[in-house]
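Chemist:
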Amino acid sequence: MAKTLFEKIWDSHIVVEENGRSLLYVDRHLVHEVTSPQAFDGLRLNGRTVRRADLTFATMDHNVPTSDRSLPILDQTSSTQIKALERNCKEFGITLFDIHSPNQGIVHVIGPELGITLPGTTIVCGDSHTSTHGAFGALAFGIGTSDVEHVLATQCIMMEKPKTFEINIQGKRKNPHAVTAKDIILSIIRKIGTAGGTGTVIEYRGETISELTMEQRMTICNMSIEAGARAGLIAPDEKTFQYLRGRKYVPQNYDECVNLWRENLKSDSGARFDKSFTLGAENIAPQVSWGTNPAMTTDVTGTVPFPDEYGKGNPEEEKGAEKALQYMNLKSGTAITDITIDRVFIGSCTNSRLGDLMEAAKVVKGKKVSSQVRAMVVPGSQLVKKNAEEIGLDKIFKDAGFEWRESGCSMCLGMNPDILAAGERCASTSNRNFEGRQGTGGRTHLVSPVMAAAAAINGHFVDVRELDLN
Amino acid sequence: MKGSVIKYERDNIDTDVILPGPYLKIHDYAELATHAMEGLDKDFHKRVKPGDFIVAGKNFGCGSSREHAPIALSYSGIKAVLALSFARIFYRNAVDGAFLLPIEIDESAYKDISDTDSLEVDISTNDIKNLTKNKTYKMKPFPELIGKIIEAGGLFNYKP
Ligand code: SF4
Numbered sequence: 001m002a003k004t005l006f007e008k009i010w011d012s013h014i015v016v017e018e019n020g021r022s023l024l025y026v027d028r029h030l031v032h033e034v035t036s037p038q039a040f041d042g043l044r045l046n047g048r049t050v051r052r053a054d055l056t057f058a059t060m061d062h063n064v065p066t067s068d069r070s071l072p073i074l075d076q077t078s079s080t081q082i083k084a085l086e087r088n089c090k091e092f093g094i095t096l097f098d099i100h101s102p103n104q105g106i107v108h109v110i111g112p113e114l115g116i117t118l119p120g121t122t123i124v125c126g127d128s129h130t131s132t133h134g135a136f137g138a139l140a141f142g143i144g145t146s147d148v149e150h151v152l153a154t155q156c157i158m159m160e161k162p163k164t165f166e167i168n169i170q171g172k173r174k175n176p177h178a179v180t181a182k183d184i185i186l187s188i189i190r191k192i193g194t195a196g197g198t199g200t201v202i203e204y205r206g207e208t209i210s211e212l213t214m215e216q217r218m219t220i221c222n223m224s225i226e227a228g229a230r231a232g233l234i235a236p237d238e239k240t241f242q243y244l245r246g247r248k249y250v251p252q253n254y255d256e257c258v259n260l261w262r263e264n265l266k267s268d269s270g271a272r273f274d275k276s277f278t279l280g281a282e283n284i285a286p287q288v289s290w291g292t293n294p295a296m297t298t299d300v301t302g303t304v305p306f307p308d309e310y311g312k313g314n315p316e317e318e319k320g321a322e323k324a325l326q327y328m329n330l331k332s333g334t335a336i337t338d339i340t341i342d343r344v345f346i347g348s349c350t351n352s353r354l355g356d357l358m359e360a361a362k363v364v365k366g367k368k369v370s371s372q373v374r375a376m377v378v379p380g381s382q383l384v385k386k387n388a389e390e391i392g393l394d395k396i397f398k399d400a401g402f403e404w405r406e407s408g409c410s411m412c413l414g415m416n417p418d419i420l421a422a423g424e425r426c427a428s429t430s431n432r433n434f435e436g437r438q439g440t441g442g443r444t445h446l447v448s449p450v451m452a453a454a455a456a457i458n459g460h461f462v463d464v465r466e467l468d469l470n
Numbered sequence: 471m472k473g474s475v476i477k478y479e480r481d482n483i484d485t486d487v488i489l490p491g492p493y494l495k496i497h498d499y500a501e502l503a504t505h506a507m508e509g510l511d512k513d514f515h516k517r518v519k520p521g522d523f524i525v526a527g528k529n530f531g532c533g534s535s536r537e538h539a540p541i542a543l544s545y546s547g548i549k550a551v552l553a554l555s556f557a558r559i560f561y562r563n564a565v566d567g568a569f570l571l572p573i574e575i576d577e578s579a580y581k582d583i584s585d586t587d588s589l590e591v592d593i594s595t596n597d598i599k600n601l602t603k604n605k606t607y608k609m610k611p612f613p614e615l616i617g618k619i620i621e622a623g624g625l626f627n628y629k630p
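So the protein lines, in turn, are chains S and H.
According to my numbering, the stretch in the first sequence is residues 1 to 470, in order.
According to my numbering, the stretch in the second sequence is residues 471 to 630, in order.
(1) Are there any heavy atoms of the ligand SF4 lying less than 7 Å away from the beta-carbon of His62(S), as far as the coordinates show?
(2) Can you confirm whether the stretch 326-341 of chain S touches the stretch 253-263 of chain S when touching is taken to mean that 3 or more C-beta pairs between the two stretches lie within less than 8 Å?
(3) Against chain H, does Thr145(S) count as a neighbour if the rule is that its beta carbon must be under 8 Å from one of theirs?
(4) Less than 8 Å separating the beta-carbons of Leu420(S) and Gly439(S)?
(5) If Ser370(S) and Ile457(S) are in contact, beta carbons under 8 Å, what's the gap, nearest whole angstrom?
(6) Measuring only from the beta carbon, is Val464(S) closer than 7 Å to any heavy atom that is part of the ligand SF4?
(7) Which parts of the stretch 305-376 of chain S are runs of the beta strand (DSSP E), unbroken and 3 residues or longer, counting only runs that do not cross its ends?
(8) Apply the 10 Å Cβ neighbour rule to Ser555(H) and answer buried if 16 or more other Cβ atoms are within range, or exposed otherwise.
(9) Against chain S, which members of the stretch 496-529 of chain H pass a CB distance test of less than 8 Å?
(10) Taking 8 Å as the cut-off, decide whether the C-beta atoms of Phe542(S) and Leu118(S) are in contact.
(11) For the candidate residues Ile106(S), Arg44(S) and Lys331(S), whose alpha-carbon lies nearest to that of Asn222(S)?
(12) Name, please, each residue of chain H whose Cβ falls closer than 9 Å to the Cβ of Ala422(S).
(13) Starting from Ser578(H), find everything on chain S with Cβ-Cβ shorter than 9 Å and list it in chain order.
(14) Can you confirm whether the stretch 179-193 of chain S touches the stretch 145-153 of chain S when touching is taken to mean that 3 or more C-beta pairs between the two stretches lie within less than 8 Å?
(15) Please tell me whether, using a cut-off of 7 Å, the distance from the CB of His108(S) to the nearest non-hydrogen atom of the ligand SF4 is below it.
(16) Could you please tell me which residues of the stretch 292-322 of chain S, in chain order, have their CB closer than 9 Å to any CB of chain H?
(17) Closer than 8 Å is the cut-off here; do at least three beta carbon pairs connect the stretch 242-250 of chain S with the stretch 11-22 of chain S?
(18) Is it buried or exposed, Gly197(S), if we count other Cβ atoms within 10 angstroms and call 16 or more buried?
(19) Would the beta-carbon of Lys549(H) fall within 8 Å of that of Met471(H)?
(20) My output table needs one value for Gly436(S): the three-state DSSP class, helix, strand or coil.
(21) Under the criterion of a Cβ to heavy atom distance below 7 Å, does Asn431(S) qualify as lining the ligand SF4?
(22) Within its chain, find whatever has a CB closer than 8 Å to the CB of Ala454(S); leave out the 5 residues flanking it on each side and keep chain order.
(23) According to the neighbour-count rule (16 or more other Cβ atoms, all chains shown, within 10 Å of its Cβ), is Leu71(S) buried or exposed?
(24) Does the ligand SF4 have a heavy atom nearer than 7 Å to the CB of Leu383(S)?
(25) State the Cα-Cα distance for the pair Lys3(S) and Glu203(S), rounded to the nearest angstrom.
(26) Please classify Arg44(S) as buried or exposed, where buried requires at least 16 other C-beta atoms within 10 Å of its C-beta.
(27) Using Cβ-Cβ distances below 9 Å, what residues of the stretch 595-629 of chain H are close to chain S?
(28) At a threshold of 7 Å, does Cys257(S) count as lining the ligand SF4 (C-beta to nearest heavy atom)?
(29) Provide the residue span of the alpha helix (DSSP H) that contains Lys618(H), from first to last.
(30) Please list the partners that Ser150(S) has in chain H, where partner means a Cβ-to-Cβ separation under 9 Å.
(31) Check whether the Cβ of Asp127(S) lies closer than 7 Å to any heavy atom of the ligand ADP, and answer yes or no.
(32) Could you check whether the Cβ of Glu537(H) sits closer than 8 Å to any Cβ belonging to chain S?
(33) Determine whether the beta carbon atoms of Ser210(S) and Asp237(S) lie at a separation below 8 Å.
(34) Nearer than 7 Å: is that true of the beta carbon of Cys221(S) relative to any heavy atom of the ligand SF4?
(35) By how many angstroms is the C-alpha of Val50(S) removed from the C-alpha of Cys156(S)?
(36) Under the three-state reduction of DSSP, which class applies to His460(S): helix, strand or coil?
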């Protein structure tokens with residue numbers, strides 16, 4: 001029978017199956033400081049060990065400061081959490097990329113970078129954006145702390161089989177430097193809604209997807225969770241194999257693996273998906289979110305909607321939009337390009353990789369950040385930072401007036417000192433514009449790195465299709 | 471289970487408002503509880519009583535995988551969240567850690583139940599009795615696996 005890529009990976013990882021619920025084997029388990037301490041406590045309490053410490057990798061990313069790393073961490077509670085992870089990894093024999101490691105970074109940036117993420121594998125992490133790793137054709141699920149403990153103890157996860165959802169992106173973008181992967185995924189979420197993918201694993205397909213770089217594919221899969229999906233997947237191809245070749249943790253028999261992956265890891269023609277959605281790429285414009293969830297997004301050429309226009313007859317949606325506009329302090333009918341901003345954040349597991357920074361730097365080069373704006377770049381990992389510095393991106397950003405920081409989650413979730421003040425408005429390359437996400441009372445507009453860079457220079461949103469980005 | 475309702479007529483109540491990021495560093499569950507729902511309702515912790523239910527719209531708990539969200543609600547005294555639908559990770563966290571029951575209800579029950587109503591929930595019959603309005607609604611039954619994990623008292627007590 002013709003199978004989807006998801007079904008192939010799922011089936012090959014079943015340990016036991018009974019009435020649609022399965023115990024799945026986990027190939028890679030990624031751990032960070034925020035969702036793991038209670039799980040390790042649980043292990044100790046019950047006298048359990050880590051079943052496969054060799055398949056478990058840890059880093060610290062969520063609450064680490066992005067300022068000078070040679071200084072001690074001032075925040076006592078952050079420091080406690082970081083020390084707890086150090087202790088736990090030592091006790092249980094887990095590889096840790098700590099705050100001083102050249103491999104430290106956001107867990108979803110370093111997994112692929114180090115070749116821990118591999119096609120056809122199952123990956124879990126106590127973090128919802130684990131869906132990112134699906135860009136390599138890995139089945140990657142975000143889980144909570146109880147499940148983290150379960151995986152540490154058993155190397156397995158108990159799940160009900162998700163449904164399959166095919167999203168086809170057809171045609172080609174007119175200006176791929178201005179209309180980025182971020183704009184594609186925001187357009188998708190805007191159309192299918194924040195619960196549009198609930199209970200499904202999305203496979204992204206089509207011409208535009210094959211055209212994207214691995215980093216751009218990660219941006220797409222990263223935000224699958226924002227559509228409520230359990231995971232996102234893209235079938236691996238030559239770009240995938242090329243990207244991973246030579247990375248630190250890829251298998252020794254890499255060429256053999258590639259042959260197997262090439263042959264097996266795709267949806268068979270004629271495979272049936274439970275759900276399907278098609279989006280044309282030609283008419284996608286740069287996107288800007290105006291509300292308090294990622295579906296509340298519009299074209300940069302658009303205006304802030306009226307609640308009834310957004311609700312389209314659904315009173316709940318209408319009320320949601322009203323509340324969102326109130327929180328965002330925006331007036332319906334305002335042109336998106338008239339919205340002025342106070343802060344710019346280029347970073348997060350969605351958009352903090354070398355390619356993102358290179359694209360943003362094109363906009364910034366030789367210009368100055370608007371005097372109204374405080375802007376920062378937070379590379380996704382130490383390796384991204386190093387590579388960027390080698391080609392002089394740090395200088396371009398710093399000369400323009402950006403802050404150039406150490407790697408981590410930073411202002412994506414406001415757990416460290418990088419936060420918005422109440423009422424501040426931020427153009428952010430992260431993935432969530434929830435109320436208070438970047439700081440209590442802070443207002444987030446989700447955009448691509450080029451859009452964020454252009455907003456930093458101009459002090460308001462601009463249509464980056466009007467810039468020369470080639 | 472009997473308790474009174476705290477109703478939020480909202481869809482997409484996300485984990486960042488249920489338990490804002492800065493508090494993810496807190497280990498003490500009782501202290502976490504004092505920040506529950508802080509992003510949406512500053513007075514929640516003053517108002518909530520042991521045994522209370524939250525009633526909300528679609529996609530409750532969307533966003534982050536932080537188990538701190540169901541933990542904070544649970545240690546505030548919330549026994550169950552009754553919502554039109556749930557985000558998956560929140561749902562599994564609530565069940566796996568046996569923190570609270572994520573109960574799916576239909577539109578008519580959602581509309582009918584008001585803030586401060588007294589409810590009695592029986593998951594063996596799937597009945598939700600509204601003691602204030604003297605009405606009964608049906609909850610959506612738990613899927614088999616979830617029902618069994620709940621019965622066992624969490625993932626670690628569950629033996630397939
Ligand atoms: S960058 Fe943001 S979304 Fe990504 S893992 Fe860190 S906190 Fe989560």
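Here a beta-carbon is modelled for each residue, glycine too, at the ideal position from N, C-alpha and C.
Modeler: Quick look at the numbers:
(1) Within the first sequence, numbered from 1, the residue matching residue 62(S) stands at position 62. Yes, the Cβ of His62(S) comes within 7 Å of a heavy atom of the ligand SF4.
(2) Per the Cβ contact rule, the stretch 253-263 of chain S is not in contact with the stretch 326-341 of chain S (fewer than 3 Cβ pairs under 8 Å).
(3) For the purposes of this step, residue 145(S) is identified with residue 145 of the first sequence, where counting begins at 1. Taking Cβ atoms only, chain H reaches closer than 8 Å to Thr145(S), which makes this a yes.
(4) Counting from 1 along the first sequence, the entry for residue 420(S) is found at position 420. Counting from 1 along the first sequence, the entry for residue 439(S) is found at position 439. Yes; because the gap between Cβ atoms is below 8 Å, this pair is in contact.
(5) As a working mapping, residue 370(S) is identified with position 370 in the first sequence. As a working mapping, residue 457(S) is identified with position 457 in the first sequence. Confirmed, about 6 Å.
(6) If you number the first sequence from 1, residue 464(S) lands on position 464. No, Cβ of Val464(S) sits at least 7 Å from all heavy atoms of the ligand SF4.
(7) Runs found: 343-346.
(8) As a working note, residue 555(H) is residue 85 in the second sequence. A buried status is given to Ser555(H), since no fewer than 16 other beta-carbon atoms sit within 10 Å of its beta-carbon.
(9) Per Cβ criterion, the list reads Ile496, His497, Gly509, Leu510, Gly527, Lys528 and Asn529.
(10) What is shown of chain S runs 1 to 470, which leaves residue 542(S) out entirely.
(11) Here residue 222(S) is taken as the residue at index 222 of the first sequence, counted from 1. Here the closest residue by C-alpha is Ile106(S).
(12) Along the first sequence, one-based indexing puts residue 422(S) at 422. Under the 9 Å cutoff, chain H gives no residues; its nearest Cβ is about 12 Å from Ala422(S).
(13) Here residue 578(H) refers to the residue found at position 108 of the second sequence. What Ser578(H) touches in chain S: nothing, since even the nearest Cβ is about 14 Å away.
(14) At 8 Å Cβ cutoff, the stretches do not touch.
(15) For the purposes of this step, residue 108(S) is identified with residue 108 of the first sequence, where counting begins at 1. Distances taken from the Cβ of His108(S) to the heavy atoms of the ligand SF4 include one shorter than 7 Å.
(16) Residues of the stretch 292-322 of chain S with a Cβ closer than 9 Å to any Cβ of chain H, in chain order: Thr292, Asn293, Ala295, Glu316, Glu317, Lys319 and Gly320.
(17) With fewer than three CB-CB distances shorter than 8 Å, the stretch 242-250 of chain S does not count as touching the stretch 11-22 of chain S.
(18) Here residue 197(S) corresponds to residue number 197 of the first sequence, with the count starting at 1. Gly197(S) should be labelled buried.
(19) Counting from one through the second sequence, the residue named residue 549(H) turns up at place 79. Counting from one through the second sequence, the residue named residue 471(H) turns up at place 1. Yes, these two residues count as a Cβ contact at 8 Å.
(20) Here residue 436(S) is taken as the residue at index 436 of the first sequence, counted from 1. The answer is coil: DSSP assigns Gly436(S) none of H, G, I, E or B.
(21) Here residue 431(S) refers to the residue found at position 431 when the first sequence is read from its first residue. Result yes, Cβ under 7 Å from the ligand SF4.
(22) Position 454 of the first sequence, counted from the start, is the residue given in the question as residue 454(S). So the list reads Val363, Phe461, Val462, Val464 and Leu467, once near-sequence residues are dropped.
(23) Start at 1 with the first residue of the first sequence, and residue 71(S) comes out as number 71. Classification for Leu71(S): exposed.
(24) One-based indexing of the first sequence puts residue 383(S) at position 383. Not one heavy atom of the ligand SF4 lies closer than 7 Å to the C-beta of Leu383(S).
(25) For the purposes of this step, residue 3(S) is taken as residue 3 along the first sequence, with counting starting at 1. For the purposes of this step, residue 203(S) is taken as residue 203 along the first sequence, with counting starting at 1. So the two alpha carbons sit approximately 13 Å from each other.
(26) Within the first sequence, numbered from 1, the residue matching residue 44(S) stands at position 44. With fewer than 16 other Cβ atoms from the protein chains shown falling within 10 Å of its own Cβ, Arg44(S) counts as exposed.
(27) So the list reads Pro613, Glu614, Leu615, Ile616, Lys618, Ile619, Gly624, Leu625, Phe626 and Tyr628, given in the order they occur along the chain.
(28) Position 257 of the first sequence, counted from the start, is the residue given in the question as residue 257(S). Checking every heavy atom of the ligand SF4 against the Cβ of Cys257(S), none is found closer than 7 Å.
(29) Here residue 618(H) is taken as the residue at index 148 of the second sequence, counted from 1. Looking at the DSSP string, the run of the alpha helix (DSSP H) that includes Lys618(H) is Glu614 to Ala622.
(30) Start at 1 with the first residue of the first sequence, and residue 150(S) comes out as number 150. Per the sequence presented here, residue 150(S) reads as His, with Ser not at that position. Correct list: Asp566, Leu625 and Phe626.
(31) Judged by which ligands are present, the ligand ADP is missing from the structure shown, whose ligands are the ligand SF4.
(32) Position 67 of the second sequence, counted from the start, is the residue given in the question as residue 537(H). Yes - at least one Cβ of chain S is within 8 Å of the one on Glu537(H).
(33) Here residue 210(S) refers to the residue found at position 210 when the first sequence is read from its first residue. Here residue 237(S) refers to the residue found at position 237 when the first sequence is read from its first residue. Yes, Cβ-Cβ distance for Ser210(S) and Asp237(S) is below 8 Å.
(34) Taking the first residue of the first sequence as position 1, residue 221(S) is located at position 221. In this structure, Cys221(S) has its CB at a distance of at least 7 Å from all heavy atoms of the ligand SF4.
(35) Position 156 of the first sequence holds residue 156(S). Position 50 of the first sequence holds residue 50(S). Distance between the alpha carbons of Cys156(S) and Val50(S) is about 12 Å.
(36) The count along the first sequence starts at 1 and reaches residue 460(S) at position 460. Reduced to three states, the DSSP call for His460(S) is strand.
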